[in-house]
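Going by full-length UniProt numbering, the residue at position 281 of the sequence shown is 281; the numbering climbs one at a time, nothing skipped. Every residue gets a Cβ at the ideal spot worked out from N, C-alpha and C, and that includes glycine. Computed from a predicted model, the values in this text were never measured in an experiment.
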Amino acid sequence: MDSASAKGNLCSDTGKPCNPCLDAAKACNLNDTCKKQRTALMATCSPAAPIQQAHEPCNRKRCHRGLRQFFDRVQTEFSYPLLFCSCRDKACAERRRQTIMPACSYEEKTKPNCLELRRTCRSDPLCRSRLADFHMNCQTTPHSITSCPNDNYHGCLVSYVGLIGSDVTPNYVDASHTNITISPWCGCRGSGNHEAECEAFLRDFRENTCLRNAIQAFGYGTDAGLVPITESQSAVPSVRTNLQPAIITKHVINSNDVKQIDSACVFSTCANLQDSEQKCSNSFECADENVLNPNMEGSIDSVGSHQADNNRARHSSVTSISVSAATLTLAFALVNQVL
């Protein structure tokens with residue numbers, strides 16, 4: 001499938017109905033994996049019987065697991081257009097909103113407090129790491145054209161999709177095709193003295209310029225931010241390297257920069273894993289040259305000393321050769337005069 005058509009699905013003929021989300025669903029049905037996984041998802045997230053629907057619309061945990069499996073197993077060229085298709089009317093936007101089966105996976109009779117929802121998420125390692133990735137990769141910044149860290153739209157979209165199927169599953173709040181608003185199913189009522197903190201958490205979704213721009217750019221087939229970031233594009237390499245999500249671009253490991261050790265403490269791209277007690281594992285550790293070889297500085301000095309001695313020896317040899325040549329020239333001149 002052409003990447004442009006997979007992303008944009010824009011309608012050039014204004015005389016015909018335009019529903020890119022419907023086109024994305026048709027494309028999914030033409031792919032065996034996408035069709036199979038989408039059918040399984042719909043069965044998992046649908047109520048088993050009308051009686052069950054009166055009490056509980058579905059098994060939410062199973063539905064969340066089904067969503068995670070869908071986005072893990074289906075290629076992004078089929079799954080992302082279902083979720084980020086561009087819309088010109090309400091019918092299209094409603095189809096887009098229904099992608100994650102919100103009646104089961106998203107909505108509840110009452111809205112829990114956002115801080116309580118966040119606390120529940122942080123108690124689960126997977127949800128905690130994915131929430132941290134979202135905050136890092138979708139954090140609105142004034143230092144880029146797109147409002148995304150490193151102008152990386154794709155990094156934000158991947159982190160957003162990673163939250164789907166978690167305790168803080170986000171979704172479109174309505175079927176508006178003119179104003180995209182994303183939010184988890186929660187509110188700030190009853191926050192007490194923590195209301196400002198709750199509102200700030202909610203704004204990270206509802207008023208996230210980076211996320212909104214990324215969704216719109218994908219829907220309209222804009223490639224800005226989708227190209228993997230290279231070192232030459234980074235004004236501050238150390239900062240930008242930390243901001244890149246590992247699942248998008250993998251950094252090349254230089255054998256001169258890392259070493260294998262038995263109990264290496266490694267830093268995750270998920271910022272909030274620093275609160276976890278499990279920080280060490282058998283892996284690689286990045287370190288500076290002094291850590292890799294404490295004697296390196298002495299070795300360098302020793303090498304430098306030998307090089308200096310060699311240079312002096314070569315200089316002395318060249319000087320001796322020059323003097324000998326001058327002496328021979330003078331001798332030949334005197335012999336010629338005598339003759």
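What is the DSSP secondary structure of Ile180, reduced to helix, strand or coil?
Locating residue 180 in the sequence shown gives position 180, where the first residue counts as 1. Of the three classes helix, strand and coil, the one that applies to Ile180 here is coil, per DSSP.
Boundaries (first-last residue) of the beta strand (DSSP E) holding Pro170
Locating residue 170 in the sequence shown gives position 170, where the first residue counts as 1. Per DSSP, Pro170 belongs to the beta strand (DSSP E) from 170-172.
Taking one C-beta from the stretch 175-182 and one from the stretch 119-136 each time, how about it: are there three or more such pairs within less than 8 Å?
no
Considering only the beta carbon of each residue, do Ser147 and Asn213 sit closer than 9 Å?
Sequence index remark: in the sequence shown, residue 147 carries index 147 (1-based). Sequence index remark: in the sequence shown, residue 213 carries index 213 (1-based). Cβ distance < 9 Å, so Ser147 and Asn213 count as in contact.
What residues in its chain sit with their C-beta under 8 Å from that of Phe201, if we drop five residues either side in the sequence?
The residue you call residue 201 lines up with position 201 of the sequence shown. Result list for Phe201: Cys114, Leu115, Arg118, in chain order.
When you compare only the Cα positions, how much space is there between Asp32 and Arg73?
The sequence position of residue 32 within the sequence shown is 32, counting from 1. The sequence position of residue 73 within the sequence shown is 73, counting from 1. Taking the straight line from one Cα to the other gives about 12 Å.
With 16 other CB atoms within 10 Å as the buried threshold, where does Cys270 fall?
Indexing the sequence shown from 1 puts residue 270 at position 270. With a pLDDT of 40 at Cys270, under the threshold of 50, the modelled position of this residue cannot be trusted, and the question is left open.
Helix, strand or coil for Gly187? Go by DSSP, reduced to three states.
By 1-based counting over the sequence shown, the position of residue 187 is 187. It is a strand residue.
Beta carbon of Phe134 nearer than 9 Å to that of Gly162
Start at 1 with the first residue of the sequence shown, and residue 134 comes out as number 134. Start at 1 with the first residue of the sequence shown, and residue 162 comes out as number 162. It is a contact, given that the beta carbons lie within the stated cut-off.
Where Ser191 and Glu197 are concerned, what is the direct C-alpha to C-alpha distance, given to the nearest angstrom?
Within the sequence shown, numbered from 1, the residue matching residue 191 stands at position 191. Within the sequence shown, numbered from 1, the residue matching residue 197 stands at position 197. So the alpha carbons of these two residues sit roughly 9 Å apart.
Using only alpha-carbon positions, find the residue among His194, Cys186, Ala175 that is nearest to Leu83.
Here residue 83 refers to the residue found at position 83 when the sequence shown is read from its first residue. Residue Ala175 is the option with its Cα nearest to Leu83.
Could you tell me if Asn137 is buried or exposed, where buried requires 16 or more neighbouring beta carbons within 10 angstroms of its beta carbon?
For this step, residue 137 is matched to residue 137 along the sequence shown. So Asn137 counts as buried.
Please look up how many angstroms separate the CB atoms of Tyr106 and Phe218, rounded, as I've assumed it's under 8 Å.
Start at 1 with the first residue of the sequence shown, and residue 106 comes out as number 106. Start at 1 with the first residue of the sequence shown, and residue 218 comes out as number 218. That pair is no contact at about 21 Å.
Element boundaries [alpha helix (DSSP H), containing Ile215]:
Walking along the sequence shown from the start, residue 215 turns up at place 215. Start and end: 209-219.
For Asn193, does the three-state DSSP call read helix, strand or coil?
Stepping through the sequence shown from its first residue, residue 193 is reached at position 193. Three-state result, Asn193: helix.
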